[in-house]
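Numbering (the UniProt record's numbering), first residue to last: 1 to 447. Just so it is clear, CB atoms sit at the ideal spot from N, CA and C, and this is done for glycine as well. Note sheet for the following structure.
Take a look at the structure:
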């Protein structure tokens with residue numbers, strides 16, 4: 001597969017990667033180019049802005065959860081038919097899974113994709129030193145191809161001239177220079193940026209502003225030429241394994257809307273390929289589950305922000321409870337787990353699980369190694385997966401709960417719930433790493 005592509009990276013977090021990556025996506029899409037957006041790591045929020053910028057699903061490339069062997073195939077699947085792919089990195093260029101070397105780093109993904117890297121550098125408070133910084137990143141790993149630099153937070157024409165003069169010594173071209181300016185309005189809260197689904201109109205304006213700023217300050221033609229220098233990728237694109245034709249197509253209801261925005265695009269594709277009819281519903285607005293619902297998937301998001309509205313929708317809470325008590329398959333991750341609990345911050349939820357949830361000051365964040373400790377609608381006991389936790393809530397389970405996972409990193413503990421047809425857990429997983437999860441879930445729905 002040969003798709004022009006760029007990886008947008010930085011020496012550290014908070015240097016302007018998201019602004020540059022999203023702005024480039026929108027600027028090129030505005031020129032009529034089909035742009036495929038990608039994000040390194042488990043982030044759910046940035047891909048929402050990427051999708052808004054390009055009109056295509058934002059897709060994640062996570063070498064920890066999916067394995068290095070799936071990165072290029074997943075990329076090729078998402079980038080099919082595109083004229084350009086832009087991959088936003090995570091953290092600093094060489095930062096990856098804690099204690100795992102380069103695993104899951106932007107640098108590793110760039111090598112797996114044979115993609116040139118554009119380094120976004122916060123140039124504030126430095127001039128000639130920028131050359132030492134860029135030289136260090138460019139020479140650290142000879143297999144990482146840094147093709148140019150975009151300078152961010154440049155103070156003046158004089159400052160830009162000093163920076164460009166210093167970088168001439170590195171041999172790397174300056175592909176853009178963005179002036180210091182009030183930050184494009186992308187509000188944050190306890191888990192990062194506010195998702196697009198919660199601020200659609202404002203998000204459209206923010207993405208437009210990013211595109212205008214990047215187009216004015218960057219050499220788009222040079223960036224496109226760099227992207228086109230990427231060699232062809234060997235191997236086939238990833239495709240979800242399709243079930244044999246025939247048989248009933250059970251309806252799988254998937255929670256969406258502003259409260260449940262965390263989802264990987266491949267999950268719905270895997271469910272459809274396994275024979276399900278995927279129907280999205282909004283627990284904030286819909287008082288009924290989709291007609292004929294045989295299974296329910298409730299992913300991540302921000303139920304703590306919408307607890308009053310979710311609690312007030314009593315008809316839907318009752319419908320979810322009745323479905324779960326009937327033994328129908330229910331898969332819930334993080335926000336879905338909280339929604340199935342008895343209460344969240346004192347407000348009644350569905351009461352499917354004998355557990356109480358509340359917000360806390362402590363952030364639980366990191367990759368996890370997991371093994372299924374009991375049979376469930378998602379996996380048989382002993383199935384091993386890698387996942388990610390990301391939440392600021394605490395769950396207090398009742399006595400006698402059957403856990404879903406045994407976690408082995410960073411400490412050993414059990415987590416989650418398996419109860420009748422319910423599998424509920426804080427752990428976010430990527431089903432492309434274990435396609436049997438989606439097939440098993442749909443088979444259970446059909447049964």
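For residue 431, the three-state secondary structure derived from DSSP is helix.
Bounds of the alpha helix (DSSP H) holding residue 19 are 17-30. In the DSSP assignment, residue 349 falls outside any alpha helix (DSSP H), carrying neither H nor E. By the neighbour-count criterion, in which 16 or more other beta carbons inside 10 Å mark a residue as buried, residue 156 falls on the exposed side.
Contact between residue 340 and residue 422 holds: their C-beta atoms lie close to 7 Å from each other, under 8 Å.
Under the DSSP assignment, residue 316 falls in the alpha helix (DSSP H) whose first and last residues are 314-325.
Here the alpha carbon of residue 133 sits roughly 32 Å from the alpha carbon of residue 51. DSSP, read as helix, strand or coil, puts residue 156 in coil. Judged by their CB atoms, residue 53 and residue 34 are not nearer to each other than the 8 Å cut-off. Under the Cβ criterion (8 Å, minimum of three pairs), the region 404-423 counts as touching the region 371-385. Counting of Cβ neighbours within 10 angstroms places residue 416 among the buried residues, the total reaching 16 or more. Taking each of 224, 259 and 205 in turn and checking the Cα distance to residue 306, the smallest one comes out for 259.
Taking 8 Å as the cut-off, the Cβ atoms of residue 123 and residue 163 count as close. Put simply, the backbone Cα of residue 154 is about 32 Å away from that of residue 56. The beta carbon of residue 431 is closer than 7 Å to those of 266, 267, 270, 437 and 438 in its chain, skipping five residues each way along the sequence.
Looking at the backbone, the Cα of residue 298 and that of residue 425 are separated by about 11 Å. Looking from the CA of residue 36, the closest CA among 302, 86, 27 and 2 belongs to 86. Linking residue 112 to residue 103 through their CA atoms gives a straight-line distance of about 11 Å. A distance of 8 Å or more separates the beta carbons of residue 114 and residue 24. Taking all protein chains in view, the Cβ of residue 365 is surrounded by fewer than 16 other Cβ atoms within 10 Å, so the residue is classified as exposed. Cβ contact annotation for residue 73 (same chain, cutoff 8 Å, sequence separation greater than five): 235, 236, 237 and 238, in chain order.
Per the coordinates, the alpha-carbon of residue 199 lies some 33 Å from the alpha-carbon of residue 441.
Contact check between the region 41-48 and the region 58-67: three or more CB pairs, one atom from each, fall below 8 Å, which counts as touching. Assignment of residue 416 by DSSP, reduced to helix, strand and coil, places it in the coil class.
The continuous beta strand (DSSP E) containing residue 39 extends over residues 35-40.
Secondary structure note for residue 424: its beta strand (DSSP E) is the uninterrupted segment 422-425. Boundaries cannot be given for residue 43, as no alpha helix (DSSP H) includes it and DSSP labels it neither H nor E. Every unbroken stretch of the alpha helix (DSSP H) spanning 4 or more residues and falling wholly within the region 167-242 is given here in chain order: 200-217 and 220-228.
Excluding five sequence positions before and after residue 108, the CB atoms of its chain that fall closer than 8 Å to its own CB belong to 63, 68, 96 and 102, given in chain order. As the crow flies, the alpha-carbon of residue 100 is around 18 Å from that of residue 143. Rounded to whole angstroms, the Cβ separation of residue 396 and residue 356 is 5 Å, and the two are in contact under 8 Å. Linking residue 363 to residue 169 through their CA atoms gives a straight-line distance of about 43 Å. In the same chain as residue 345, and ignoring 5 residues on each side of it, the C-beta atoms closer than 7 Å to its own belong to 304, 307, 358 and 359, in chain order. Spatial neighbours of residue 2 in its own chain (CB-CB distance under 6 Å, excluding positions within 5 residues in sequence) are listed in chain order as 232. The alpha-carbon separation between residue 20 and residue 205 amounts to approximately 15 Å. Inter-residue distance for residue 285 and residue 26 is about 31 Å (C-alpha atoms, whole angstroms).
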